[in-house]
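Novice: I have a structure here, written as structure tokens, and I will follow up with some questions on it.
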Amino acid sequence: MTGDPARPARAALWVTCLVDQLFPQVGEAAAAVLRRAGVDVDVPPGQTCCGQIAFNDGFWPEAARLARKFLDDFADAPAVVAPSASCATMVREFYPLLLRDDPPTAARARALAGRTYELTEFLVDRVGVTDLGARFPHRVAYHPSCHALRGLRLRDQPRRLLGAVRDLELRELAGAEECCGFGGMFAVTFAALSGSMLQAKLAAVEASGAEVVTSTDCSCLMHLAGGLSRRGSPVRAVHIAEILAAR
Amino acid sequence: MTRPAPIDFVRNAEAALANPALHASVRRAMVRFRELQRAVIGEVPDWQDLREYAHRVKMHTLAHLDRYLEQLEAAVTAAGGRVHWARDAGEARRIIVDLVRSHGGRAVVKSKSMTSEEIELNEALQTAGCRVVETDLGEYLLQLAGDRPAHLIAPAVHRSRDDIARLLARHLGVPVYDDPRDLTQVAREALRRAFLGAEVGITGVNFAVAETGTLVIVENEGNARLTTTLPPVHIALMGLEKVVPRLADLAVFLTLLPRAATGQRMSSYVSLVTGPRRAGEADGPDQLHLVILDNGRSSIAADPVMAEALACIRCGACLDVCPVFERTAGHAYGSVYSGPIGAVITPLLRGLDVAGRLPFASSLCGACGEICPVRIDLPRLLLELRARVVGGGGARLTERAFVRGWTAVMAHPSRLRVAGRLARWVLRVLWRGRLPVPFPLSAWTRVRDLPPPPPAAFRDLWNTSRRKETGP
Amino acid sequence: MSARDEILARLRARAPSEVLLPPVRPPAGPAGDVVDLFARRARDAGAEVVVVPASAWPARLAENLVGRGVRMAAVWDDPVLSPAVASLQEAGVAVVHAAGQTPQQLDACDAGLTTADAAVAVSGTLVLSCGPGRPRAASLLPALHVAVLPAGRIVATLDELLAARPASLPSALTLVTGPSRTADIELVPVRGVHGPTDVMVVVVG
Chain A
36 MTGDPARPAR AALWVTCLVD QLFPQVGEAA AAVLRRAGVD VDVPPGQTCC GQIAFNDGFW
96 PEAARLARKF LDDFADAPAV VAPSASCATM VREFYPLLLR DDPPTAARAR ALAGRTYELT
156 EFLVDRVGVT DLGARFPHRV AYHPSCHALR GLRLRDQPRR LLGAVRDLEL RELAGAEECC
216 GFGGMFAVTF AALSGSMLQA KLAAVEASGA EVVTSTDCSC LMHLAGGLSR RGSPVRAVHI
276 AEILAAR
Chain B
124 MTRPAPIDFV RNAEAALANP ALHASVRRAM VRFRELQRAV IGEVPDWQDL REYAHRVKMH
184 TLAHLDRYLE QLEAAVTAAG GRVHWARDAG EARRIIVDLV RSHGGRAVVK SKSMTSEEIE
244 LNEALQTAGC RVVETDLGEY LLQLAGDRPA HLIAPAVHRS RDDIARLLAR HLGVPVYDDP
304 RDLTQVAREA LRRAFLGAEV GITGVNFAVA ETGTLVIVEN EGNARLTTTL PPVHIALMGL
364 EKVVPRLADL AVFLTLLPRA ATGQRMSSYV SLVTGPRRAG EADGPDQLHL VILDNGRSSI
424 AADPVMAEAL ACIRCGACLD VCPVFERTAG HAYGSVYSGP IGAVITPLLR GLDVAGRLPF
484 ASSLCGACGE ICPVRIDLPR LLLELRARVV GGGGARLTER AFVRGWTAVM AHPSRLRVAG
544 RLARWVLRVL WRGRLPVPFP LSAWTRVRDL PPPPPAAFRD LWNTSRRKET GP
Chain C
245 MSARDEILAR LRARAPSEVL LPPVRPPAGP AGDVVDLFAR RARDAGAEVV VVPASAWPAR
305 LAENLVGRGV RMAAVWDDPV LSPAVASLQE AGVAVVHAAG QTPQQLDACD AGLTTADAAV
365 AVSGTLVLSC GPGRPRAASL LPALHVAVLP AGRIVATLDE LLAARPASLP SALTLVTGPS
425 RTADIELVPV RGVHGPTDVM VVVVG
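Protein chains in written order, with this note's numbering: chain A, 36 to 282; chain B, 124 to 595; chain C, 245 to 449.
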């Protein structure tokens with residue numbers, strides 16, 4: 036690896052509350068992948084939740100409280116990297132909106148937004164790597180999360196990374212751009228609708244012939260995995276960081 | 124006056140979901156629309172520039188509606204038309220009923236107008252003794268069935284051809300046809316008779332050009348052309364947000380609307396009507412009346428956050444891409460305006476106490492904001508409305524308790540550590556199947572399983588591995 | 245206060261916005277062969293298009309209409325159409341002035357013959373300006389609409405058409421793109437729901 040001066044040497048890993056509490060293996064994989072890409076990883080110990088769940092459900096004062104805490108937790112980070120497009124979208128797109136009545140804090144939020152990345156985006160666009168030496172001998176379908184597609188407008192970063200994984204066979208997902216139906220509180224408030232969207236997505240996953248469905252977001256994957264388990268499907272839901280860390 | 128009942132979207136959606144045939148037919152139509160739209164949008168290289176232009180024209184106009192509406196009024200009047208203003212639905216109904224009666228009119232033909240649905244015009248005209256015929260094929264079928272439109276531009280999308288065949292057979296005494304061409308032909312003949320005997324024609328307005336007083340009506344069937352050609356009186360009803368400043372602006376709006384609405388490069392017919400029939404002309408109405416309707420719109424225009432919702436050109440594209448609309452069809456929204464734009468407009472027009480649950484009926488997937496040809500940021504407006512509902516005390520107690528508790532825990536990493544351990548312990552117990560899943564987790568497990576419990580949180584594992592790496 | 249004044253007062257009682265009206269977009273540059281583009285796009289929209297030299301079109305038109313079984317045609321009063329009247333009559337088609345017909349009579353005609361004041365190539369759209377001698381219903385009530393379009397009147401885009409705004413607009417300016425259509429029954433496309441089932445464009449020149 037070359038010593039490109041623009042190439043970030045350090046990054047703060049923002050594991051996100053969901054990964055921290057329920058999917059620790061994804062956080063470990065993300066850290067491993069970043070290190071393999073030559074990036075030193077810090078994990079600011081005070082980090083908790085960005086407040087997206089409160090924000091999306093209309094509880095903006097509560098969300099703002101957590102946003103302020105987030106800005107403090109990551110104030111010194113040269114770059115913030117999350118294994119979640121959804122959480123990165125919250126900071127990048129919605130913190131300035133959430134904090135609009137507090138201009139100094141909104142300005143801090145905008146500054147941090149400029150250094151906040153989703154993991155695959157950071158690897159491909161900032162670090163400039165696509166091949167991380169991973170091997171994953173499975174048929175894989177990539178589910179582009181709505182926040183990756185339309186929140187961060189990721190292009191092909193996840194696909195390029197997956198394309199470089201040894202022995203991985205990428206399967207196309209019909210209706211890939213359609214929402215899986217998670218949607219935060221939507222998944223429980225409108226459980227029947229969410230379930231109908233889930234079934235459509237799972238049918239597409241199964242039709243793709245994939246053994247594994249992957250995504251940039253643990254929230255979608257938790258929902259998909261729950262549906263696969265309920266169906267008794269042999270397909271597994273695996274976060275993209277875990278695939279990129281596999282040897 | 125009694126308060127109208129709140130729209131119960133959850134119940135309506137569950138009722139719709141209980142009918143898989145409905146979902147299948149709406150989905151088929153929506154997928155078809157998406158394919159058609161993608162092809163003709165893709166061939167416009169400056170589509171994004173056109174969206175931006177249209178957005179700016181609309182936002183500018185909405186901020187100066189007083190000026191442009193006065194200009195429109197002057198231009199319509201100069202062209203020989205008459206302009207009427209209606210503060211609300213009731214006033215608009217009275218104006219139109221009085222106009223119809225003052226011409227001794229009993230036979231009224233109507234072309235498709237969502238605004239007329241909004242003010243429930245047909246009921247008022249029928250009460251006043253008029254015979255009103257909806258002439259858009261889809262609307263005509265719904266009128267015969269006593270049903271309401273399910274989609275802004277495909278009103279009968281939820282009805283099958285068998286259903287339509289039986290409907291026409293019952294009402295027109297014709298055989299039960301199967302081919303949509305035969306069904307259409309039967310309706311054409313009945314409607315042609317209605318047109319030839321009509322005394323008053325009522326239309327909506329897609330755009331009204333302030334500088335020329337031109338009313339623009341976009342359609343595919345030709346019924347709006349017949350409505351503005353044959354009856355001696357034409358009454359056009361427009362929401363006050365439909366005004367655009369310049370004729371040249373139509374070049375952009377008429378490029379965006381048909382492509383986003385029906386996936387056509389241009390709709391079959393665009394009528395630019397400037398005043399009534401002039402001296403020496405063989406056809407066209409002797410009188411043209413324009414009714415400009417407020418009905419809550421001026422309050423939306425005055426709301427700096429929500430004004431954007433009035434930029435809508437009613438193309439229906441946000442419905443076509445919406446996974447929630449696809450599964451519920453229009454009726455679940457309890458309003459003539461459905462889908463994402465309906466979830467924004469209905470609470471603004473009818474109040475958060477009536478329609479406050481609609482903005483929550485979205486997974487916030489963002490497809491609506493991406494397709495909108497006038498670049499309305501629909502997901503943001505849904506979020507803003509949610510914040511207003513919650514800020515106004517409209518959240519349910521369980522939700523409020525959950526979010527408050529969540530925030531209190533997340534405000535301190537030490538609390539998260541304890542709460543996380545507790546949560547994983549609960550998950551382990553539930554995972555072993557020893558206890559019934561309690562609310563609110565039971566809402567999750569209605570359609571999916573819980574995630575397996577991890578042994579520890581990432582923060583615990585990370586600290587352990589760090590200690591190992593750095594040594595004691 | 246009148247409804248008008250009250251609504252306008254409500255609209256005025258508001259902080260002005262900073263959004264400026266964007267300047268009208270300049271028409272895009274030349275689009276190559278607009279006649280060919282128009283013909284392709286109008287056909288895509290379901291119209292029949294024939295491109296005929298100026299000397300031959302009246303005879304070709306008469307032949308075509310007779311072949312379709314047209315026995316009576318209602319015609320706009322327009323000098324462009326004059327050569328067609330004689331050809332049609334020679335071929336045995338009854339020709340009537342559209343402006344003199346009641347709607348019932350127009351309804352009974354097999355074809356309506358009009359000119360087009362302009363056409364937009366990119367969408368295959370005809371622009372019909374109605375007026376004395378040029379009734380709206382001639383292109384609407386008969387099952388076949390025939391439009392005679394001098395090739396020089398075709399512009400590339402709608403921008404180009406509307407940028408050259410006429411000093412005064414007619415009472416009805418109609419943009420026609422293909423035949424009348426609907427897809428209201430199970431999204432099955434059907435032609436001729438209210439207006440013409442067929443549209444034929446004779447591009448002259």
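Backbone N, C-alpha and C define an ideal beta-carbon position, used for all residues, glycine too.
None of these values were measured; they are calculated from a predicted model.
Does the separation of the CB atoms of B:L306 and B:A288 fall below 8 Å?
Specialist: Yes, these two residues count as a Cβ contact at 8 Å.
Novice: Are the beta-carbon atoms belonging to B:P354 and B:V323 less than 8 Å from one another?
Specialist: For B:P354 and B:V323, yes; Cβs fall inside 8 Å.
Novice: Taking CB distances under 8 Å as the criterion, tell me whether C:D403 reaches chain B.
Specialist: Closer than 8 Å: yes.
Novice: Since C:L252 meets chain B, which of its residues come closer than 8 Å, beta carbon to beta carbon?
Specialist: Per Cβ cutoff of 8 Å: D189, L192, E193.
Novice: Helix, strand or coil, according to DSSP, for C:H389 in the structure here?
Specialist: Strand at C:H389.
Novice: Could you tell me which chain C residues have their CB closer than 7 Å to the CB of B:I287, listed as they occur along the chain?
Specialist: I429, listed in chain order.
Novice: Starting from the Cα of B:Q308, find the closest Cα among C:H389, C:T421, C:V420, C:T441 and give me that residue.
Specialist: For B:Q308, the nearest C-alpha among the options comes from C:T441.
Novice: Can you say whether B:S565 is buried or exposed, counting buried as having 16 or more other CB atoms within 10 angstroms of its CB?
Specialist: With fewer than 16 Cβ atoms within 10 Å of its Cβ, B:S565 is classed as exposed.
Novice: Using a Cβ cut-off of 7 Å, which residues of the region 212-241 of chain B contact any Cβ in chain C, in chain order?
Specialist: Answer in chain order: E214.
Novice: Which residue marks the beginning of the beta strand (DSSP E) containing A:R71, and which one marks its end?
Specialist: A:R71 -> not in any beta strand (DSSP E); alpha helix (DSSP H) instead, spanning 59-71.
Novice: What do you get for B:L188, buried or exposed, if any count of 16 or more other CB atoms within 10 angstroms of its CB means buried?
Specialist: When all chains shown are included, B:L188 counts as buried.
Novice: Count the other CB atoms within 10 Å of the CB of B:F525; is the residue buried (16 or more) or exposed (fewer)?
Specialist: So B:F525 ends up on the buried side.
Novice: In angstroms, rounded to a whole number, what distance separates the CA positions of A:T37 and A:E128?
Specialist: Any reading at A:T37 must be qualified, since the residue scores a pLDDT of 46, below 50, and its modelled position is unreliable; no value is offered.
Novice: Our contact map puts A:V247 next to A:V223 with C-beta atoms below 8 Å; I'd like the distance itself, whole angstroms only.
Specialist: At roughly 26 Å, the Cβ-Cβ gap does not stay under 8 Å, so A:V247 and A:V223 are not in contact.
Novice: Going by other Cβ atoms of all chains shown within 10 Å of its Cβ, with 16 needed for buried, is C:M232 buried or exposed?
Specialist: Outside the shown range of chain C (245 to 449) lies residue 232 of chain C, about which nothing can therefore be said.
Novice: Between which two residues does the beta strand (DSSP E) carrying B:F330 extend?
Specialist: 330-332 is the extent of the beta strand (DSSP E) around B:F330.
Novice: Mind checking if C:V296 is an interface residue toward chain B, Cβ cutoff 8 Å exclusive?
Specialist: For C:V296, the answer is no, since every Cβ of chain B falls outside 8 Å of its Cβ.
Novice: Where does B:Y263 sit, in a helix, a strand or coil, going by DSSP?
Specialist: Helix, per DSSP.
Novice: Are the C-beta of B:G398 and some C-beta of chain C separated by less than 8 Å?
Specialist: Output row for B:G398: interface = yes.
Novice: Output the distance between the C-alpha atoms of B:L222 and B:I415, rounded to the nearest integer angstrom.
Specialist: Computed Cα separation, rounded: 14 Å.
Novice: Counting along the chain, where does the alpha helix (DSSP H) carrying B:L411 start and finish?
Specialist: Taken as a continuous stretch (DSSP letters only), B:L411 belongs to no alpha helix (DSSP H), being part of the beta strand (DSSP E) at 410-416.
Novice: Considering only their Cβ atoms, is the gap separating A:A176 from A:G210 smaller than 8 Å?
Specialist: Not in contact: A:G210 and A:A176 (Cβ atoms no closer than 8 Å).
Novice: Give me the residue from C:M444, C:D351, C:V447, C:A427 with the minimum Cα distance to B:Q387.
Specialist: Ranking the options by Cα distance to B:Q387, first place goes to C:A427.
Novice: Write down every uninterrupted run of the alpha helix (DSSP H) in the region 460-512 of chain B whose length is 4 residues or greater and which is fully enclosed by it, in chain order.
Specialist: Within the region 460-512 of chain B, the complete alpha helix (DSSP H) runs of at least 4 residues are 462-473, 475-478, 490-494.
Novice: Examine chain C for any beta-carbon lying closer than 8 Å to the beta-carbon of B:L379, and answer yes or no.
Specialist: No - not a single Cβ of chain C is within 8 Å of the one on B:L379.
Novice: Say whether the region 142-162 of chain A touches the region 521-535 of chain B, bearing in mind that this needs 3 or more beta-carbon pairs closer than 8 Å, one atom from each stretch.
Specialist: Cβ pair count under 8 Å is below three, so no.
Novice: Quick one: is B:L584 near chain A, going by C-beta distance under 8 Å?
Specialist: By this cut-off, B:L584 is an interface position.
Novice: Throw me the rounded Cβ distance for the B:V512 and B:A434 pair, which I believe falls under 8 Å.
Specialist: That belief does not hold up - the Cβ atoms of B:V512 and B:A434 are roughly 22 Å apart, past 8 Å.
Novice: Would you kindly check if the distance between the Cβ of C:A318 and the Cβ of C:P394 is under 8 Å?
Specialist: No, Cβ-Cβ distance for C:P394 and C:A318 is not below 8 Å.
Novice: By Cβ distance below 6 Å, which residues in the same chain neighbour A:R271 in space, the five residues on each side in sequence not counted?
Specialist: Within the same chain, A:R271 has close Cβ partners V247.
Novice: May I ask which residues mark the beginning and end of the alpha helix (DSSP H) holding A:L101?
Specialist: Unbroken alpha helix (DSSP H) run through A:L101: 95-108.
Novice: My assumption, with CB atoms under 8 Å, is that B:L319 sits in contact with B:E431. Please give the rounded CB distance.
Specialist: Not really, about 43 Å apart at Cβ, beyond 8 Å.
Novice: By the 10 Å Cβ neighbour count, where 16 or more other Cβ atoms means buried, how is C:Q345 classified, buried or exposed?
Specialist: Its Cβ being crowded by 16 or more others within 10 Å, C:Q345 is buried.
Novice: Measuring straight from C-alpha to C-alpha, what distance separates B:A440 and B:V163?
Specialist: Taking the straight line from one Cα to the other gives about 13 Å.
Novice: Determine, using beta-carbon pairs with one atom in the region 129-139 of chain B and one in the region 457-470 of chain B, whether at least three such pairs fall under 8 Å.
Specialist: The answer is yes - the region 457-470 of chain B touches the region 129-139 of chain B, with three or more Cβ pairs under 8 Å.
Novice: For the region 485-499 of chain B, list every residue whose C-beta sits within 9 Å of some C-beta in chain A, in sequence order.
Specialist: Result list: S485, S486, L487, C488, G489, A490, G492, E493.
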